[in-house]
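Each protein sequence line maps, in turn, to chains A and B.
Using the working numbering, read the first sequence as starting at 585 and increasing by one per residue.
Using the working numbering, read the second sequence as starting at 585 and increasing by one per residue.
Think of the CB as a built atom: it goes at the ideal place given N, C-alpha and C, for glycine as much as any other residue.
Note that this is a predicted model, so its numbers are computed, not measured.
Everything below concerns the one structure shown next.
Protein chains: 2
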Amino acid sequence: MTIAPRKQKILAAVIENYIACGEPVGSKTLQNSEDLNVSSATIRNELADLTLKGFLIQPHTSAGRIPTEQGYRYYVDNILEAREPDDGVKRYIENKLQSSFDAPERILKSAGEILSELLSTVAVATTPPGEDARVHRIKFVQTGRYTSMLVLITSSGMVKSRLFRCDFDITPEMLNVFDRSLNEALAGRPLSCVNQPFAQTFAASFGELGLLMPDMLTAVMDACFEASGINIYTSGTTRLLYQSDLDLVSARSILEFLGSESECEKTLGNVPDGTNIYIGRENPSPLLRRSSLISARYTIENQPAGTLALIGSMRFDYKKAVSIIEFTAKTVSQLISELVRKG
Amino acid sequence: MTIAPRKQKILAAVIENYIACGEPVGSKTLQNSEDLNVSSATIRNELADLTLKGFLIQPHTSAGRIPTEQGYRYYVDNILEAREPDDGVKRYIENKLQSSFDAPERILKSAGEILSELLSTVAVATTPPGEDARVHRIKFVQTGRYTSMLVLITSSGMVKSRLFRCDFDITPEMLNVFDRSLNEALAGRPLSCVNQPFAQTFAASFGELGLLMPDMLTAVMDACFEASGINIYTSGTTRLLYQSDLDLVSARSILEFLGSESECEKTLGNVPDGTNIYIGRENPSPLLRRSSLISARYTIENQPAGTLALIGSMRFDYKKAVSIIEFTAKTVSQLISELVRKG
DNA sequence: AATTAGCACTCGCTTGCTTAGAGTGCTAAT
DNA sequence: ATTAGCACTCTAAGCAAGCGAGTGCTAATT
């Protein structure tokens with residue numbers, strides 16, 4: 585559906601005003617604040633029409649208009665034009681991100697913090713899913729008489745470590761056996777192969793010696809499982825309680841969403857490439873149906889990787905958010921790609 | 585200050601009733617619900633006196649009484665008697681904790697979750713401070729062409745790992761040099777020695793070769809710093825928004841407290857041994873001055889170690905909380921001590 | 001045909017008032 | 001020392017009135 589230019593201008597004005605002030609916008613306010621050279625009566629006619637078409641609603645007869653989800657949607661699709669952030673902001677983002685330029689995880693954590701800070705809202709960053717990664721190498725480091733650390737290096741360059749404890753004295757020879765046999769069996773195999781059946785067959789193939797392995801194998805499975813999932817970094821939870829226009833119910837839902845690893849993973853993992861905005865009921869996750877989710881995928885070597893996201897009420901400063909999240913995602917993509925290229 | 589037995593009984597009744605219902609308690613309620621064989625007028629006289637003495641207040645003339653901080657304090661000091669939790673609860677706690685019986689960190693994380701779940705409130709668990717720990721051993725694992733992992737093992741048996749990245753190809757020989765020289769210099773030295781000056785002197789003593797070390801040394805410093813601080817595990821943040829009697833301001837403060845590493849560390853690190861209750865303004869941290877903090881230290885080999893804590897409104901079910909947190913702390917102490925003993 | 005001035009209308013918010021009810025403190029009797 | 005009784009205080013809830021913001025409609029104007 586397209587809308588006549590003036591109507592569109594009025595819709596934009598209502599939405600931007602509402603986003604800025606949080607109060608229903610009336611015809612007089614619009615007449616004063618925008619360069620619409622028409623009378624308030626004309627504006628009222630237009631408003632009535634926009635309301636009829638479902639872009640705006642009136643909380644009650646004697647109130648101004650506020651946007652509906654459909655209104656926001658139109659605004660986001662047809663009116664909002666992406667802009668780059670100010671130079672100062674860009675520099676700020678680049679500097680902050682570069683200062684954690686050693687491991688992808690730290691870059692992502694920083695990215696979340698930056699977004700949360702610049703937009704005063706909750707931000708989430710996920711690591712790339714490692715589902716199709718493979719085992720590159722597994723190493724062991726003895727850390728105590730009964731304990732060792734296992735280091736898993738995946739084909740995508742991720743490193744996970746895990747401690748394990750045995751009932752018996754660990755000897756270097758034993759670790760050597762573990763190391764050699766495990767790498768022989770697993771190098772190049774997908775992480776998802778490293779499961780319970782594998783562990784059993786593997787241990788069984790060693791006969792007596794296999795009885796010493798369960799603790800070690802559990803650690804291997806844990807590490808592979810963790811490496812094949814995604815990590816989720818959340819920032820700015822506190823800000824949730826400072827958002828004036830967020831009712832308790834929405835705030836709780838959002839907190840619940842953030843608290844549920846699986847819900848986050850499902851939602852943020854299935855977001856399409858590029859920047860995306862989900863408004864209210866458009867949200868895939870039921871817990872966010874009263875809020876807005878703005879997501880941006882970052883890429884590694886031009887391949888879609890993980891997700892950055894912002895969560896807040898539907899009354900969101902979409903313009904600012906989109907410009908900042910897009911720029912951040914672009915910068916994250918560059919930095920992580922560079923890291924990966926270097927190996 | 586001591587209080588006559590009947591008065592004390594009435595005070596206890598008011599507080600327990602208020603904790604249970606969250607509403608001011610009047611003389612008639614008390615007469616009906618407690619086995620006080622006196623008239624409501626008598627109770628009123630007592631209430632008036634308790635109010636005068638500062639243990640109770642009236643929100644307004646025609647309301648019942650609610651406890652003051654002083655009231656809670658008296659209750660907690662003189663009336664509350666510690667009880668063990670029910671057998672079912674005890675078994676639940678023990679089972680849950682034993683299932684994460686491999687690393688102290690996991691036990692503590694579990695402990696926080698258990699507390700938060702059983703008491704429907706926010707729970708925090710801290711690892712023991714490693715401040716007086718020493719470097720036991722440092723090991724290196726190559727993870728990529730330019731990246732390696734450093735594994736720090738402390739005298740207290742803690743293991744920290746850290747990735748680092750160099751600008752040059754890492755060779756096994758180089759790691760060998762790092763390994764030998766670092767361990768020679770640091771084994772047995774306190775973690776706090778591993779600081780900037782040390783790094784500089786150390787690098788300098790290698791001349792040319794020292795120029796290759798900064799990234800590695802930063803990682804070592806980071807790991808030592810992290811190992812010398814405490815880790816903080818928070819559970820049940822979401823529940824904060826479900827506590828009916830917590831106003832927005834307190835909820836925000838608590839979230840802010842939990843969000844501030846330093847504030848948490850300062851507060852929970854300086855808690856005295858055993859179980860402790862801080863009510864409202866008694867709290868060392870200004871952010872908790874409208875809330876209650878219940879802390880319990882756990883011990884390792886009978887030495888005070890880290891802290892378990894509960895945070896909620898002053899209207900807290902202290903009786904249940906104390907019994908559960910004490911039992912949990914005791915169990916945690918046993919399990920971690922056992923781990924440490926085994927090495 | 002589009003715009004606009006004007007006006008009656010709606011409805012939420014505030015204020016002021018009243019009432020019911022809970023709980024008190026005090027007094028006089030036990 | 002306790003208690004019955006009562007007057008008193010104060011909140012919460014309900015209701016009516018007035019205000020004001022903002023509307024939709026109509027008739028006049030461009």
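query: First through last residue of the alpha helix (DSSP H) which encompasses A/R729; result: Here A/R729 belongs to no alpha helix (DSSP H), and DSSP marks it neither H nor E.
query: Local conformation of A/V778 per DSSP, three classes; result: coil
query: Chain-ordered residues of the stretch 674–688 of chain A with a beta carbon less than 8 Å from chain B; result: D686, A687
query: Any C-beta of chain A under 7 Å from that of B/T652; result: no
query: At least three beta-carbon pairs within less than 8 Å, the stretch 740–750 of chain B to the stretch 903–922 of chain A; result: no
query: Own chain residues within Cβ distance below 8 Å of A/D753, not counting five before or after; result: R729, Y730
query: First and last residue of the uninterrupted beta strand (DSSP E) at B/I895; result: 887–897
query: CA nearest to the CA of B/E845, picked from B/R628, B/K674, B/T818, B/E668; result: B/T818
query: Reference B/E569; option with closest CA among B/T915, B/Y902, B/K926; result: In the structure as shown, chain B begins at 585 and stops at 927. Residue 569 of chain B is therefore absent and cannot be evaluated.
query: Close-in-space but distant-in-sequence residues of the same chain around B/K591 (CB under 8 Å, 5 per side omitted); result: E630, D633, L634
query: Beta-carbon contacts of B/L801 that lie in its chain and below 6 Å, excluding the five residues immediately before and after; result: A783
query: Neighbourhood of A/T891 by C-beta, 8 Å cutoff - its chain only, sequence neighbours within 5 removed; result: V708, A709, T710, L852, G853, V855, S879, A880, R881, Y882
query: Whole-angstrom distance between B/M733 and B/G714, CA atom to CA atom; result: 21 Å
query: Residue burial classification, B/M585 (beta-carbon count within 10 angstroms, cutoff 16); result: exposed
query: Chain-order list of residues whose beta-carbon lies under 8 Å from that of B/E885 (same chain, five-residue window excluded); result: S921, V924, R925
query: Cutoff 7 Å: A/A835 Cβ touching any chain B Cβ; result: yes
query: A/A803 - partner residues in DSSP beta bridges; result: Paired residue(s): none; A/A803 is not in a bridge.
query: Which residues DSSP lists as bridging A/F748, in chain order; result: A/S732
query: Where the beta strand (DSSP E) containing B/V706 begins and where it ends; result: 706–710
query: Sub-7 Å separation of B/S623 and B/K612 beta-carbons; result: no
query: Minimum C-alpha distance to B/I663 - residue among B/S837, B/I587, B/G696, B/D686; result: B/I587
query: Proximity to B/N779 [Cα-Cα], best of B/L793, B/F762, B/F809; result: B/F809
query: Segment contact, 8 Å Cβ cut-off, at least three pairs: the stretch 825–836 of chain A with the stretch 825–841 of chain B; result: yes
query: B/S624 - containing alpha helix (DSSP H), residue span; result: 624–636
query: The stretch 714–724 of chain A touching the stretch 757–770 of chain A, judged by at least three CB pairs closer than 8 Å; result: yes
query: Own chain partners of B/F762 with C-beta closer than 7 Å, once the 5 adjacent residues on each side are dropped; result: F724, M800
query: Exposure of B/E668, with buried meaning 16 or more beta-carbon neighbours within 10 Å; result: exposed
query: DSSP-derived helix/strand/coil call for A/T664; result: Reading off the sequence shown, one finds Leu at residue 664 of chain A, where the question assumed Thr. Of the three classes helix, strand and coil, the one that applies to A/L664 here is coil, per DSSP.
query: A/L640 beta carbon less than 7 Å from that of A/R649; result: yes
query: Proximity of B/G896 and B/T705 at Cβ, strictly below 7 Å; result: yes
query: CA nearest to the CA of A/D806, picked from A/S789, A/R899, A/S776; result: A/S776
query: Burial state of B/A771, where buried means 16 or more other Cβ atoms lie within 10 Å; result: exposed
query: CB contact check: A/M742 to chain B, cutoff 7 Å; result: no
query: Within-7 Å CB hit, B/V735 to chain A; result: yes
query: Which listed residue (B/E618, B/T626, B/D619, B/Y659) has its alpha carbon closest to that of B/Y862; result: B/Y659
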